[in-house]
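Taken in order, the sequence shown gives residues 1 to 280; the numbers are from full-length UniProt numbering.
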Amino acid sequence: MKNLILFNLFILLIIIVGYGNAEDSNKTYFNRTMGLNLIQNGSYEEGVTLLHEYASINNSDVEVWNAIGFAYNNLGQFNQSLDLLSRATSLDPDHGFAWTNTGWALNELDRYDEAKIALNNAVLVDPDNKYAWSTLGYTLIRTGNYKEAIIALDKALLIDPKFSDAWNNLGWAYGEQKNYHLAISALENATIFDPKNGYAWNNLGRLYYLLGDKNKAMEALYTATDTRPDFDQGWYNLGNVLYAVGNSSGSIEAYRKAIKLNPENNIAKENLEILENNLI
């Protein structure tokens, strides 16, 4: 009887321990799934918390490191992002999105030569990755390689002809070449395919203003600041146009918003100082 009791107790312990491990495993898998979903839906901080818990148990999951890096990019924490994305690309050198996110972070840190290497890796291992081609185009514009940028952006648009970000970058590249007709056409496409693309509206407004169409410029820049109110350049450009049409008070307000968003916007500061002195 004593042996039977001990045997039953042993079975019970196995069942309890086994159940506990299964419960921990389910929780771990839940953290991974929920964390990835949260990040995909824009809840970056909550998703990162869950995925870090998961990664403390499983540190070889490439998708998790890439997702955390992507989230940190969206949170503006680019150095932290690079640390984690390097783990992803070390684990899987053929992970195109990890290379793309790496290039994105390096661009934001003004490390364009390194970004170009990462993004060339991205398009090499994943030539159908429209984000990689578009981001590479952005990098090439930043380094003054406009012809190469246009080639990269055309490839992005061949993959997805309605890709607004690529149209925006293409318009920017044509604008830098002073090919304004093609630039405006590309930027109009960007706003058609994504009416909330504030960057495209800003670039379109700048070009309209440059070409002397102040009314179209003002309309585009009001849309830019409505759709992307956290972008200081949109407010700065709106300030320029409002001043040009004689609306000094509106111009002052726009410059102030630009400076509040970016205290290092020195041109906006200079313009604001001139306008405020004129009111004295």
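We put the beta carbon where it would ideally sit given N, CA and C, even for glycine.
Every value quoted in this text rests on a predicted model; they were computed, and no experiment measured them.
### Query
Ends of the alpha helix (DSSP H) at Gly-96?
Taking the sequence shown and counting its residues from 1, one reaches residue 96 at position 96. Here the alpha helix (DSSP H) through Gly-96 covers 96 to 108.
### Test item: CB-CB of Tyr-54 and Asn-31 under 8 Å
The sequence position of residue 54 within the sequence shown is 54, counting from 1. The sequence position of residue 31 within the sequence shown is 31, counting from 1. Yes; because the gap between Cβ atoms is below 8 Å, this pair is in contact.
### Query
Can you tell me whether DSSP reads Gly-171 as helix, strand or coil?
For this step, residue 171 is matched to residue 171 along the sequence shown. Helix.
### Message
I'd like to check one pair, Phe-193 with Lys-162: are the Cβ atoms closer than 8 Å?
### Response
To locate residue 162, count along the sequence shown from 1; it is residue 162. To locate residue 193, count along the sequence shown from 1; it is residue 193. Against a cut-off of 8 Å, the Cβ pair of Phe-193 and Lys-162 comes out as a contact.
### Message
Taking 8 Å as the threshold (C-beta atoms), are Gly-96 and Ala-122 in contact?
### Response
On the sequence shown, residue 122 is found 122 positions in, with the first residue counted as 1. On the sequence shown, residue 96 is found 96 positions in, with the first residue counted as 1. Cβ atoms of Ala-122 and Gly-96: closer than 8 Å.
### Query
What runs of the alpha helix (DSSP H), each 4 residues or longer, lie entirely inside the UniProt repeat "TPR" (130 to 163)?
130 to 142, 146 to 159
### Query
Which term fits Leu-210, buried or exposed, when burial requires 16 or more other beta carbons within 10 angstroms of its beta carbon?
The residue you call residue 210 lines up with position 210 of the sequence shown. It counts as exposed.
### Query
Between which two residues does the alpha helix (DSSP H) carrying Asp-113 extend?
Here residue 113 refers to the residue found at position 113 when the sequence shown is read from its first residue. Segment 112 to 125, the alpha helix (DSSP H) holding Asp-113.
### Query
How big is the Cα-Cα spacing for Thr-49 and Arg-87?
In the sequence shown, counting from the first residue as 1, residue 49 sits at position 49. In the sequence shown, counting from the first residue as 1, residue 87 sits at position 87. Their backbone Cα atoms lie some 18 Å apart in a straight line.
### Message
On the criterion of 16 or more Cβ atoms from any shown chain inside 10 Å, does residue 281 qualify as buried, or is it exposed?
### Response
Residue 281 is absent from the model: the chain starts at 1 and stops at 280.
### Query
Using DSSP with H/G/I as helix, E/B as strand and the rest coil, what is Gln-58?
Here residue 58 refers to the residue found at position 58 when the sequence shown is read from its first residue. Sequence check: residue 58 is Asn here, not Gln. Asn-58 falls in the coil class under three-state DSSP.
### Residue range of the unbroken alpha helix (DSSP H) whose run includes Asp-194
Here residue 194 refers to the residue found at position 194 when the sequence shown is read from its first residue. Counting along the chain, Asp-194 falls outside any alpha helix (DSSP H), and DSSP gives it neither H nor E.
### Query
Nearest-angstrom Cα distance between Thr-102 and Leu-119?
For the purposes of this step, residue 102 is taken as the residue at position 102 of the sequence shown. For the purposes of this step, residue 119 is taken as the residue at position 119 of the sequence shown. Cα-Cα distance, rounded: 8 Å.
### Message
Is the beta carbon of Gln-233 closer than 8 Å to that of Asn-202?
### Response
Taking the sequence shown and counting its residues from 1, the one referred to as residue 202 is at position 202. Taking the sequence shown and counting its residues from 1, the one referred to as residue 233 is at position 233. Against a cut-off of 8 Å, the Cβ pair of Gln-233 and Asn-202 comes out as a contact.
### Message
Below 8 Å on the Cβ atoms is my contact criterion, and I expect Thr-227 with Lys-196 to pass it. Report the Cβ-Cβ distance as a whole number of Å.
### Response
As a first step, residue 227 must be located in the sequence shown, where it is residue number 227. As a first step, residue 196 must be located in the sequence shown, where it is residue number 196. Rounded, the Cβ-Cβ distance is 5 Å, consistent with contact.
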